[in-house]
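Written out below as structure tokens is the structure these notes cover.
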Ligand SMILES: [Zn+2]
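Residue numbers (the working numbering): 1204 to 1367.
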């Protein structure tokens, strides 16, 4: 059968630039995902972002300095500062023995008043307090509430350090 006059002619065209770009991006993400899941580094960051896809929020919601400290655990909280020998004591000014990120975000009584909105919104979205850290990037309202809490606390502002 001649295809010359047929309206249904299959032609093998080379992939378009867009097709190639999609394939390359997909390949890069799978390599990135594989490396992300196999590394032992960035323990806190991995709690917020268990996989690469979860970290896409960072494309549209660029983290402030304070939020970057929270996401990486490279922060001004005493637990981290103590680990590197910058402070003698990892405890919190409230008396808790370890001023780490979960204590600061969810439990420290010093910030109970300014944490109220963050807690209320989180309970509304997740129905649990404290939430798993991986839940935070999944909700715009929780993310904004966490960001607002951290900013209002001023605890991670290098110019407003709490002194013991
Ligand atoms: Zn505390």
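Note that CB positions come from ideal geometry on N, CA and C, so glycine has one too.
Annotation for residue 1303: 1280 and 1282 place their beta carbon closer than 7 Å to its own, counting only its chain and skipping 5 residues before and after.
Apart from sequence neighbours up to five positions away, the residues of its chain that approach residue 1272 with a beta-carbon distance below 7 Å are 1278, 1279 and 1359, ordered along the chain. Secondary structure remark: continuous alpha helix (DSSP H) runs of at least 4 residues inside the region 1289 to 1338, in chain order: 1315 to 1329. If you draw a straight line from the Cα of residue 1331 to the Cα of residue 1340, it is about 16 Å long. Ranked by Cα distance from residue 1348, the first of 1246, 1326 and 1297 is 1326.
Linking residue 1287 to residue 1217 through their CA atoms gives a straight-line distance of about 55 Å. Under the DSSP assignment, residue 1357 falls outside any alpha helix (DSSP H); it carries neither an H nor an E label. Rounded to the nearest angstrom, the Cβ distance from residue 1275 to residue 1242 is 14 Å, too far for a contact under 8 Å.
Taking 9 Å as the cut-off, the beta carbon of residue 1232 is found closer than this to the beta carbon of residue 1256. Residue selection by CB proximity (closer than 5 Å to any heavy atom of ligand 1) returns 1295, 1297, 1299 and 1311 in chain order.
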